[in-house]
Amino acid sequence: MKKESATQLVTKQSKLGRPSSKPDPVVVNEIIEWIAHGNTLRSYCRQKNKPNWRTIYNWLEKDDGDFIARFAHARDMGADAIAEECLEIIDSPPPLCGSEGNTRLDPAAVQMQKNRVEARLKLLAKWNPKKYGERVGVEAKGDISLTISTGVPQV
């Protein structure tokens with residue numbers, strides 16, 4: 005058996021330290037598509053062999069390309085997907101409960117649907133208040149007349 009020197013052993017070891025800070029274009033495209041479908045970044049990162057969510061935010065902070073713009077656009081598209089999901093939740097009929105001849109809507113399921121939609125709409129309003137927030141406006145009608153009294157008689 006051949007003996008190896010210490011320098012040869014060091015070169016065969018795997019690299020230590022942090023992984024490369026350069027984002028992989030394939031991973032970036034996966035992230036953009038994932039977010040655009042209304043999914044969360046953390047749910048993407050929980051999958052096997054995916055980068056940590058903090059790594060992705062580091063990529064966004066150091067981005068000198070178009071990743072941050074694409075990510076922001078994907079977030080907007082994802083918000084629209086969540087709004088469409090709210091419509092699907094409300095439009096799907098809740099299950100019936102009770103025995104034959106005495107069936108009725110399950111009130112717990114109705115309340116759960118309502119809560120699911122309400123939570124999503126509140127998040128959308130927080131994330132994008134201009135688009136999904138309540139519009140509160142003040143409207144004034146009429147004329148304003150202003151009379152200034154100085155106490156000096158006019159000549």
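Residue numbers for the sequence shown, in our numbering: 5 to 159. Backbone N, C-alpha and C define an ideal beta-carbon position, used for all residues, glycine too.
Checklist entry - In three-state DSSP terms, what is L125? => result helix
Next on the checklist: Using a 10 Å radius around the Cβ and a threshold of 16 neighbouring Cβ atoms, would you call P27 buried or exposed?
Outcome noted: buried
Checklist entry - If you draw a straight line from the C-alpha of F75 to the C-alpha of V121, how long is it? => result 25 angstroms
Item to check | Backbone CA spacing between A113 and N53 [nearest angstrom] | outcome: 36 angstroms
Next on the checklist: Give me the DSSP bridge partner(s) of C49.
Outcome noted: DSSP, once it has assigned bridges, lists no residue as partnering C49.
Checklist entry - Contact between the region 135–143 and the region 96–114: three or more CB pairs below 8 angstroms? => result no
Checklist entry - How is the alpha helix (DSSP H) around N43 delimited, first residue to last? => result No alpha helix (DSSP H) holds N43; DSSP gives it neither H nor E.
Item to check | Rounded distance between the beta-carbons of R124 and C90, thought under 8 angstroms | outcome: 5 angstroms
Item to check | Whether I86 touches L128 by CB criterion (8 angstroms) | outcome: yes
Item to check | Continuous alpha helix (DSSP H) stretch holding R58: start and end | outcome: W57 to E65
Item to check | Reference G42; option with closest CA among E65, A78, Y61 and Q51 | outcome: A78
Item to check | Backbone CA spacing between Q158 and K130 [nearest angstrom] | outcome: 58 angstroms
Checklist entry - Around the C-beta of I39, are 16 or more other C-beta atoms found within 10 angstroms, so that it is buried, or is it exposed? => result buried
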